[in-house]
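> Here it is: the structure, laid out below.
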Amino acid sequence: MKALILVGGFGTRLRPLTLTLPKPLVEFANKPMILHQIEALVKAGVTDVVLAVNYKPEVMASVLKKYEEKFGIKITFSVENEPLGTAGPLALARSILCKDDSPFFVLNADVTCDYPFKEMLAFHTAHGCEGTILATKVEEPSKYGVIVTESNSSLIKCFVEKPVEFVGNRINAGIYIFNPSIVDRIELRPTSIEKEIFPAMAANEQLHTFDLEGYWMDVGQPKDFIAGTCLYLSSLAKKQPELLASPVDNDFVNGGNVLVHPTAVIGNGCKIGPNVSIGPNVIIGDGVRLEKCVIMEDVQIKSYSFVRNSIVGWHSSVGSWSRLDGVSVLGDDVHINDEIYVNGAQILPHKSISANVTEPKIVM
Amino acid sequence: MNKAVILVGGPSRATRFRPLSMNLPQPLFPVGGKPIIWHQVNALSKTPGITEIILLGLFEAHVFKSFLDQCTLEFPKIEFKYLREFALLGTAGGLFHFRDQIMHGNTKNIFLLYTDICSAFPLTELLEKHEQSKSIGTIMVKKVPRELASNYGCVVADSEKKMALHYVEKPETYVSDLVSTGVYVFTTEIFKLMSEIIEERSKELSNLPKKAFHDNFGNIHDSLRLEQDVLQKMASEHNLGIYITDTFWRQIKSAASAVPANAEYLMQTQKSNPSMLAKQNPEGPTIIGSVYIHPSASVDPTAKIGPNVSIHSRVSIGAGARIKNSIILDNVVVRDYAAVINAIVGWNGKIGRWARVEGNPCNDLNDHEYVTSAGVKINSICILGQETIVKNEVFVRSSIVLPYKEISSDKHNEILM
Numbered sequence: 001m002k003a004l005i006l007v008g009g010f011g012t013r014l015r016p017l018t019l020t021l022p023k024p025l026v027e028f029a030n031k032p033m034i035l036h037q038i039e040a041l042v043k044a045g046v047t048d049v050v051l052a053v054n055y056k057p058e059v060m061a062s063v064l065k066k067y068e069e070k071f072g073i074k075i076t077f078s079v080e081n082e083p084l085g086t087a088g089p090l091a092l093a094r095s096i097l098c099k100d101d102s103p104f105f106v107l108n109a110d111v112t113c114d115y116p117f118k119e120m121l122a123f124h125t126a127h128g129c130e131g132t133i134l135a136t137k138v139e140e141p142s143k144y145g146v147i148v149t150e151s152n153s154s155l156i157k158c159f160v161e162k163p164v165e166f167v168g169n170r171i172n173a174g175i176y177i178f179n180p181s182i183v184d185r186i187e188l189r190p191t192s193i194e195k196e197i198f199p200a201m202a203a204n205e206q207l208h209t210f211d212l213e214g215y216w217m218d219v220g221q222p223k224d225f226i227a228g229t230c231l232y233l234s235s236l237a238k239k240q241p242e243l244l245a246s247p248v249d250n251d252f253v254n255g256g257n258v259l260v261h262p263t264a265v266i267g268n269g270c271k272i273g274p275n276v277s278i279g280p281n282v283i284i285g286d287g288v289r290l291e292k293c294v295i296m297e298d299v300q301i302k303s304y305s306f307v308r309n310s311i312v313g314w315h316s317s318v319g320s321w322s323r324l325d326g327v328s329v330l331g332d333d334v335h336i337n338d339e340i341y342v343n344g345a346q347i348l349p350h351k352s353i354s355a356n357v358t359e360p361k362i363v364m
Numbered sequence: 365m366n367k368a369v370i371l372v373g374g375p376s377r378a379t380r381f382r383p384l385s386m387n388l389p390q391p392l393f394p395v396g397g398k399p400i401i402w403h404q405v406n407a408l409s410k411t412p413g414i415t416e417i418i419l420l421g422l423f424e425a426h427v428f429k430s431f432l433d434q435c436t437l438e439f440p441k442i443e444f445k446y447l448r449e450f451a452l453l454g455t456a457g458g459l460f461h462f463r464d465q466i467m468h469g470n471t472k473n474i475f476l477l478y479t480d481i482c483s484a485f486p487l488t489e490l491l492e493k494h495e496q497s498k499s500i501g502t503i504m505v506k507k508v509p510r511e512l513a514s515n516y517g518c519v520v521a522d523s524e525k526k527m528a529l530h531y532v533e534k535p536e537t538y539v540s541d542l543v544s545t546g547v548y549v550f551t552t553e554i555f556k557l558m559s560e561i562i563e564e565r566s567k568e569l570s571n572l573p574k575k576a577f578h579d580n581f582g583n584i585h586d587s588l589r590l591e592q593d594v595l596q597k598m599a600s601e602h603n604l605g606i607y608i609t610d611t612f613w614r615q616i617k618s619a620a621s622a623v624p625a626n627a628e629y630l631m632q633t634q635k636s637n638p639s640m641l642a643k644q645n646p647e648g649p650t651i652i653g654s655v656y657i658h659p660s661a662s663v664d665p666t667a668k669i670g671p672n673v674s675i676h677s678r679v680s681i682g683a684g685a686r687i688k689n690s691i692i693l694d695n696v697v698v699r700d701y702a703a704v705i706n707a708i709v710g711w712n713g714k715i716g717r718w719a720r721v722e723g724n725p726c727n728d729l730n731d732h733e734y735v736t737s738a739g740v741k742i743n744s745i746c747i748l749g750q751e752t753i754v755k756n757e758v759f760v761r762s763s764i765v766l767p768y769k770e771i772s773s774d775k776h777n778e779i780l781m
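These protein sequence lines map, in sequence, to chains A and B.
Just so you know, the working numbering puts 291 at position 291 of the first sequence, and the rest follows in order with no gaps.
Numbering-wise, the working numbering comes out as the position in the second sequence, counting from 1, plus 364.
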């Protein structure tokens with residue numbers, strides 16, 4: 001089995017975190033985004049992974065080399081000279097995707113969900129058509145491109161972009177499985193798979209939809225990264241509660257969904273949760289309140305501080321009686337002094353903050 | 365012998381001191397651990413020849429009774445009296461009305477102080493200057509930054525900086541950077557001058573057609589403004605001496621300005637009476653700078669307090685709490701890990717765990733910037749009126765909260781009615 005992951009560019013939407021690490025390596029619930037996807041793909045029997053990238057940072061090559069060894073798979077970088085959109089990369093990687101007749105997965109690197117690759121494959125093989133789109137249901141379909149199927153069927157009839165009237169609430173989840181023949185539909189030029197390839201496939205009655213169970217989130221920007229973490233942790237609480245901090249054994253757990261790396265140290269009198277992810281070697285002082293936040297590796301959260309709805313990047317520190325809120329994002333090695341209030345600030349790496357940031361802004 | 369009159373205003377005054385004046389008359393509000401007016405009484409008690417201190421205002425007499433009873437015990441050599449003005453007579457009208465009582469007993473000099481100021485009150489120096497100048501009155505003035513001068517009464521001094529040449533109240537344009545501190549000393553001659561002013565004015569009035577003015581201005585000759593009517597005349601007649609002080613001084617007009625006043629008095633207490641202030645000890649909380657903690661208050665040893673904090677009676681401060689540049693009034697409970705910074709927490713208030721109450725530091729510039737009902741312009745100390753409850757984890761920032769409100773979501777730059 002083969003898979004292509006659409007990584008794309010520099011991940012500017014997830015800055016300041018992506019100023020330090022390429023987006024696929026930014027830890028989502030203590031594990032690089034791309035590792036979540038590779039693990040799920042390996043489980044479904046994938047042995048060949050293609051990363052479609054606009055650039056190839058050294059750090060990514062070396063990390064993925066490790067994954068190749070760990071999982072016994074082949075990872076290939078397919079580097080675009082110009083951005084090829086969402087379909088072009090398939091044509092660029094033709095030699096790998098079309099090396100045999102087996103279908104291949106395509107996924108957007110920003111999407112998190114309970115990847116149902118095995119089920120998708122079984123479904124795809126059963127209907128025998130060229131492609132299957134994973135679909136997720138949303139509350140407000142008017143904001144998305146909606147999939148319209150034949151009645152009582154999974155066969156896609158058409159797509160309606162940002163429908164004014166309700167035509168359905170299934171949207172494209174950014175994860176697909178295709179037969180190699182799809183590559184014949186794609187020229188090697190910037191092409192949108194959603195706008196140019198799918199409508200043609202639907203017209204040929206070659207495209208089915210498969211419903212995703214559970215959560216789904218595009219985590220390409222900080223607000224959604226936090227929301228996606230919440231969804232992932234909620235899902236973990238149902239499926240693998242043993243990976244989360246137990247509210248029975250840990251007084252500090254409040255409301256559940258708290259992921260604490262085994263090397264993290266937590267002080268007395270803290271109240272943590274719901275929806276908190278704490279990375280390796282993190283030190284949390286006494287009387288700290290954390291809620292709906294992501295604390296990355298080597299961070300120090302000093303006593304009596306308050307962090308909510310924020311991301312604290314690697315090697316950063318938050319001073320005593322400081323308060324972070326409103327989707328604040330601290331880049332690598334950012335230091336917040338004692339008693340400081342930070343609201344919705346995106347702070348670039350290696351900064352020290354000694355005055356309140358009361359309104360959302362970027363601190364260069 | 366010398367006497368002093370402190371002008372305490374009335375209940376309908378001091379609206380800028382809301383919401384704190386809704387519970388307590390402004391003169392009795394505590395800064396530096398003592399009522400605002402106590403600092404004036406204390407300074408007067410150290411001034412030579414003071415035998416009597418009179419509070420003059422529109423409040424009902426009982427308002428100051430217990431305060432004056434305490435003063436009588438604390439300052440046994442001085443007689444205390446409250447004189448109630450029966451009507452709005454202007455800042456000097458009340459003084460004139462009670463002139464016989466004030467002059468009674470061979471009074472030589474009369475100190476006159478407004479209550480809404482804080483200062484080191486160098487009254488002895490003021491008196492010396494006054495006696496040297498042999499003028500009817502001497503005004504204590506302070507040099508302020510040029511751009512702030514128009515907020516005050518401005519005094520133009522002669523070349524030797526001894527006598528005032530001109531007095532003008534809150535001029536629109538720049539006149540002088542020497543401003544009135546609201547502290548004066550007069551000889552009893554001032555009452556003669558006041559009589560003259562009133563006489564002149566009634567003469568002017570009687571020359572006008574009576575019908576046109578009588579209804580509206582029936583009592584106008586009783587109303588007398590100290591600044592515009594009396595001081596201006598004194599200055600123009602070269603009868604107003606000046607004493608320039610370089611000690612601390614600021615107005616306590618808005619409720620927010622109580623915080624810097626508190627800080628000034630605490631720093632002064634650090635020098636004059638350090639035993640009144642909290643000291644760092646191994647079993648106690650971390651103390652930074654000047655901090656007053658009432659003996660009946662309890663503060664957890666893991667809390668960090670200061671600088672410039674007053675914690676009043678029966679207050680309870682929880683574990684890991686942080687209090688900085690704030691006044692915490694009687695019976696307030698600050699629960700664990702809460703932070704109170706640049707704020708006043710009113711009587712019986714409750715601040716929840718991990719809650720935060722924070723204002724911007726008050727300075728000369730933003731204290732004059734008034735707040736709008738839309739709440740956008742509030743840019744100062746955070747003030748919680750009596751019995752405000754701030755729920756756990758809630759942040760109240762740069763807001764003013766009227767009494768008896770419960771706050772369960774974050775508030776920024778708002779007035780909460």
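The C-beta atom is built at its ideal place from N, Cα and C for all residues, glycine as well.
Keep in mind the model is a prediction, meaning the values are calculated, not measured.
May I have the straight-line CA-CA distance separating Val758(B) from Asp325(A), to the nearest angstrom?
11 Å
> Beta-carbon of Glu722(B) versus every beta-carbon of chain A: anything under 9 Å?
yes
> With 9 Å as the threshold, decide whether the Cβ of Gly648(B) is near any Cβ in chain A.
Closer than 9 Å: no.
> Arg761(B): buried (16+ other C-beta within 10 angstroms of its C-beta) or exposed?
buried
> Please report how far the alpha carbon of Asp541(B) lies from the alpha carbon of Ala407(B), in whole angstroms.
26 Å
> Got a sec, what are the start and stop residues for the alpha helix (DSSP H) Gln465(B) sits in?
First-last of the alpha helix (DSSP H) with Gln465(B): Arg463 to Met467.
> For Ser354(A), which residues in chain B fall below 8 Å Cβ to Cβ?
Result: empty, since nearest Cβ-Cβ is about 14 Å, beyond 8 Å.
> Taking buried to mean at least 16 other C-beta atoms within 10 Å of its own C-beta, is Leu459(B) buried or exposed?
buried
> At a Cβ threshold of 9 Å, is Asp433(B) touching chain A?
no
> Taking only the alpha-carbon atoms, compute the straight-line gap between Leu107(A) and Val79(A) and give it to the nearest angstrom.
16 Å
> Mark Ile362(A) as exposed unless 16 or more other C-beta atoms lie within 10 angstroms of its C-beta, in which case mark it buried.
exposed
> If you follow the alpha helix (DSSP H) that Glu119(A) is in, where does it begin and where does it stop?
Phe117 to His127
> Is it the case that the stretch 524–531 of chain B contacts the stretch 603–620 of chain B, given that we only count it when at least three CB pairs across the two stretches are under 8 Å?
The stretch 603–620 of chain B vs the stretch 524–531 of chain B: in contact.
> Which chain A residues sit within Cβ distance under 7 Å of Glu778(B)?
The premise fails here: Glu778(B) is roughly 13 Å from chain A at the closest Cβ pair, so nothing lies under 7 Å.
> Leaving out the 5 sequence neighbours to the left and right, which residues in its chain are closer than 7 Å to Ala627(B) when beta-carbon positions are compared?
Asn672 and Asn689
> What first and last residue would you give for the beta strand (DSSP E) that runs through Asn172(A)?
Arg170 to Phe178
> Beta carbons nearer than 9 Å to chain A: which residues of the stretch 647–678 of chain B have them?
Thr666 and Lys668
> What is the C-beta distance between Ile561(B) and Lys597(B), in whole angstroms, given that I count them as a contact (C-beta under 8 Å)?
6 Å
> For Thr376(A), which of helix, strand or coil comes out of DSSP?
Only positions 1 to 364 of chain A appear in the structure, and residue 376(A) is not among them; the question remains open.
> Kindly list, in the order they appear in chain A, the residues whose Cβ is closer than 8 Å to that of Ala683(B).
Gly269 and Gly287
> Note down the Cα distance separating Gly670(B) from Asp700(B), rounded to an integer number of angstroms.
17 Å
> For Leu780(B), name the three-state secondary structure that DSSP assigns.
strand
> I need the straight-line Cα distance from Val539(B) to Val342(A), nearest angstrom please.
43 Å
> In the DSSP assignment, what residue or residues form a beta bridge with Thr112(A)?
In the DSSP output, where bridge partners are listed per residue, Thr112(A) has Met217(A).
> Does the CB of Ile745(B) have a neighbour CB from chain A at under 9 Å?
Ile745(B) does not count as touching chain A.
> Using a Cβ-Cβ cutoff of less than 7 Å, which residues in the same chain neighbour Asn773(B) once the five nearest sequence positions on both sides are dropped?
In the sequence on display, residue 773(B) carries Ser and not Asn. Taken in chain order, the residues that qualify are Val758.
> For Glu424(B), report the span of its beta strand (DSSP E) as first-last.
Note, Glu424(B): premise wrong, no beta strand (DSSP E); not H, not E.
> By the 7 Å beta-carbon criterion, what residues does the stretch 293–308 of chain A contribute toward chain B?
Ser303, Tyr304 and Phe306
> State the DSSP-derived secondary structure class of Cys726(B), mapped to helix, strand or coil.
coil
> Would you please verify whether the beta carbon of Ala703(B) is less than 9 Å from any beta carbon of chain A?
yes
> Just checking: is the beta-carbon of Gln390(B) within a distance shorter than 9 Å of some beta-carbon in chain A?
With 9 Å as the cut-off, Gln390(B) does not count as an interface residue toward chain A.
> Closest by CA to Tyr304(A), which one among Cys293(A), Ser246(A), Ile311(A) and Ile284(A)?
Ile284(A)
> Would the beta-carbon of Ala122(A) fall within 9 Å of that of Val49(A)?
no
> For Ile675(B) and Val663(B), which I take to be in contact (beta-carbon distance under 8 Å), what is that distance rounded to the nearest angstrom?
7 Å
> Does the separation of the CB atoms of Ile171(A) and Lys137(A) fall below 9 Å?
Contact flag set, yes.
> Judging by CA-CA distance, which residue of Ser660(B), Ile753(B), Ile500(B) and Asp610(B) is the nearest neighbour of Val679(B)?
Ser660(B)
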